[in-house]
Amino acid sequence: MQHKLIYILLTLASVITYGQVNLSLDADKSEYGSKDIVNLTIILELNGSDLEQQSRFQLPDLSKFNIIGSGSVTNTVIDPATNTLITQKISRIALEPKKKGKIKIGSVLVTVNNKIYKTEPFDVNIRDIVDKRALAANTSNEVYLNMEIEDRDVYQDQPTIAVLKVYSRNMDNLRKVKNIRLPEQDNINVHPINFNRSEIDPSGYGNMPSQVLAMFMVFPNEAGYVEIPAVSASVSSYSSKSKIVSNKVKINVRKLPEGAPECFKNAVGNFNVSVYNASKEKVEAKKPMNVVVKVSGEGNLPDMELPKIAASPDYEIFAPKITSKVSPGTTGMKGEIMASYVVIPNKSGSIAIRTEQFAFFDPENREYVDLGQKTLALNAFSHDQILESRSTVEKVNEYTNNLLETVNTPVLKTTSFKVKEKSKFHWNILLVNIAILLGLFVIYLLFKTWQKKRTLVRETVPSKPLGSVAETEQEIRELLKTDINDYFGYLENLKDNGEYEKFFVTLEELDQEVRNQYFKGTVAEFKTFLEKHKGSSVAEEYSNLQQKIQMEKYAPVKSGEGLEELLKTIVNLYSQISK
């Protein structure tokens, strides 16, 4: 009787010990449609401080699914009634089924205190699933595109890298794939990394030769399960042209953590913000100046909302001009984006130009970083103060420079001798300016003497016989033709010295000189001439250039970078037209 009692007590103790560990595996439902995601939930509950989980969850065979996301959380509480420590670990797995029908999901195993616990297997039913092969074929079943994304679990606005590969049993078909069109969708932003083709891999999927066609970054801008659309391309041959598409890929986009600052908008990465005055002149009240807000770093730089200049009664601001210099990095797009504002101070004295507060989420450290406001402190002068601050030397230099501008020509670039403002008086500079003026006067007298002699020589030379109309027109054109390289150098000099008004005056002279070479008086006639003799593309470039010139000419504040880009376009186009 005593032995039976001991056996019963041991059995009850084992049952109580077993009940202290609860392990379960459930699906959110038992039947799924073609576009549904199978969500599995694993719950492990340990009742007691002496229980220790000794192994991770050992998942069943999930080869009939694509794992597109997973996550886990651990909660620990103390039951006040029994004063027992309760540890609960919950894990979730998101699966994408590969085929339809009834699929069995096996048991999950875990070891606690040297004892193995497992869940009961169950079945899920998948109906009417779309057959998604790893490779999407074209109609000829010869060339395949495949989009591969390794990291399918990212934060919102955090990039993931996609690789596009082409497969074909015939290597010659790999060279025929062209016109790659990256996916476009409202909930993603796509930025190409490169379109450099790799070396052909002879042992690809299914022992088919393969080649990498492109790499691009995908920035999902909403949380949840996001499906990246297919990439399309064309296969061109001598006889036909067909279209091929890649597979679609689903990724799990995690929502950003709570506790974001109020100034946080959508910046994800690692960034810095700075603000500075791009104008070289002294700040004058009621006069425009150029203030730049620059954001640099790496992340979703091209798609983020930039911090603006905060409104203030001390100044007036206008819509900015955005310029960017970005390139692909390791964790996003890196570089800098500059917002150039036209700011007009409303008063003289101390002025503080502040930006809006700016914060970003750092996915590496999983925390928000608040950079606050950036401030640019300026001292604005009145117009009378600007005039009074000029020294006698500065006034003499300004008078000399104005005189040099009045006699300047594209051939004699006297503006290169212009005097920059100095804080100290230099007699050498004044003497050099006087010598230059005397030299110019002597050159002018010599030129007049040479012109008179040449007129006498022309009168003694017998006239040449008249040629055809075409020969005469060509001869006149050669006489009218001017070396436009002189204009290019002169325009470069004016741009560097900040003489923007003289820059556009000289630019009009250049345009008139080139039109005179072809006997065209107006811009419209010259555009018609270019379209007929130089091609429609050259005529269109000429029309676009005229619009850019007008925009830059009447801008409130001239930008050195904008004029640099404009001058490059002018040199390329007029060199092509004047050949």
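My numbering puts the first residue of the sequence shown at 116, with every later residue one more than the last. No residue lacks a Cβ here, since even glycine has one placed at the ideal position from N, Cα and C.
| Query | Result |
| --- | --- |
| Distance, residue 496 Cα to residue 503 Cα | 11 Å |
| Alpha-carbon to alpha-carbon, residue 277 and residue 253 | Since pLDDT at residue 253 reaches only 42, below the 50 mark, its modelled position is unreliable, and the value read off the structure follows with that caveat. Their Cα atoms are separated by approximately 21 Å. |
| With 16 other Cβ atoms within 10 Å as the buried cut-off, status of residue 262 | buried |
| Entirely enclosed beta strand (DSSP E) segments - the stretch 409–457, minimum 3 residues | 430–432, 436–443 |
| Residue 213 versus residue 242: straight-line alpha-carbon distance, rounded | 11 Å |
| Residue 174 versus residue 327: straight-line alpha-carbon distance, rounded | 34 Å |
| Local Cβ density within 10 Å of residue 498, reported as buried at 16 or more and exposed below that | exposed |
| Buried versus exposed call for residue 267 [16 or more other C-beta atoms within 10 Å across all chains shown] | buried |
| Spatial neighbours of residue 607 in its chain, beta-carbon cut-off 8 Å, leaving aside the 5 residues before and after | 682 |
| Residue 630 to residue 398 span [Cα, whole Å] | 41 Å |
| Assigned exposure category for residue 626 - 16 Cβ within 10 Å defines buried | buried |
| Presumed contact (8 Å Cβ cut-off) between residue 298 and residue 346, rounded CB distance | 6 Å |
| Whole-number beta carbon distance between residue 663 and residue 654, since they are thought to touch under 8 Å | Their Cβ separation, rounded to whole angstroms, is 15 Å, which puts residue 654 and residue 663 out of contact at 8 Å. |
| Pairwise C-alpha distance: residue 611 and residue 362 | 53 Å |
| Best match in 151, 370, 329 for proximity to residue 260 [C-alpha to C-alpha] | 329 |
| Opposing strand residues paired with residue 306 [DSSP bridges] | 332 |
| Separation of residue 460 from residue 429, as counted between CA atoms | 6 Å |
| Segment contact, 8 Å Cβ cut-off, at least three pairs: the stretch 398–409 with the stretch 486–496 | yes |
| Contact between the stretch 379–396 and the stretch 467–481 (3+ Cβ pairs under 8 Å) | yes |
| Burial state of residue 334, where buried means 16 or more other Cβ atoms lie within 10 Å | buried |
| Inter-residue spacing [alpha-carbon to alpha-carbon] between residue 358 and residue 687 | 37 Å |
| Nearest candidate by alpha-carbon position, reference residue 338, set 310, 372, 161 | 372 |
| Where the alpha helix (DSSP H) containing residue 654 begins and where it ends | 651–668 |
| Nearest-angstrom Cβ-Cβ length linking residue 206 and residue 172, presumed shorter than 8 Å | 6 Å |
| Whole-number beta carbon distance between residue 483 and residue 376, since they are thought to touch under 8 Å | 6 Å |
| Of the residues 636, 138, 623, the one placed nearest residue 660, counting alpha carbons only | 623 |
| Anticipated Cβ contact below 8 Å, residue 440 with residue 450, distance rounded | 5 Å |
| Identified DSSP bridge partners for residue 384 | 414 |
| Assumed close pair residue 185, residue 158 - CB separation to whole angstroms, cut-off 8 Å | Their Cβ separation, rounded to whole angstroms, is 15 Å, which puts residue 185 and residue 158 out of contact at 8 Å. |
| Paired residues, beta bridge with residue 194 - DSSP | 199 |
| Cβ-Cβ distance between residue 469 and residue 434 below 8 Å | no |
| Option nearest residue 690 by Cα separation, candidates 601, 618, 620, 170 | 601 |
| Rounded straight-line distance, which links the Cα of residue 617 to that of residue 331 | 45 Å |
| Euclidean distance between Cα positions of residue 287 and residue 257 | 11 Å |
| Environment of residue 676 [buried if 16+ CB atoms lie within 10 Å] | exposed |
| Start-to-end residues for the beta strand (DSSP E) that takes in residue 369 | 364–369 |
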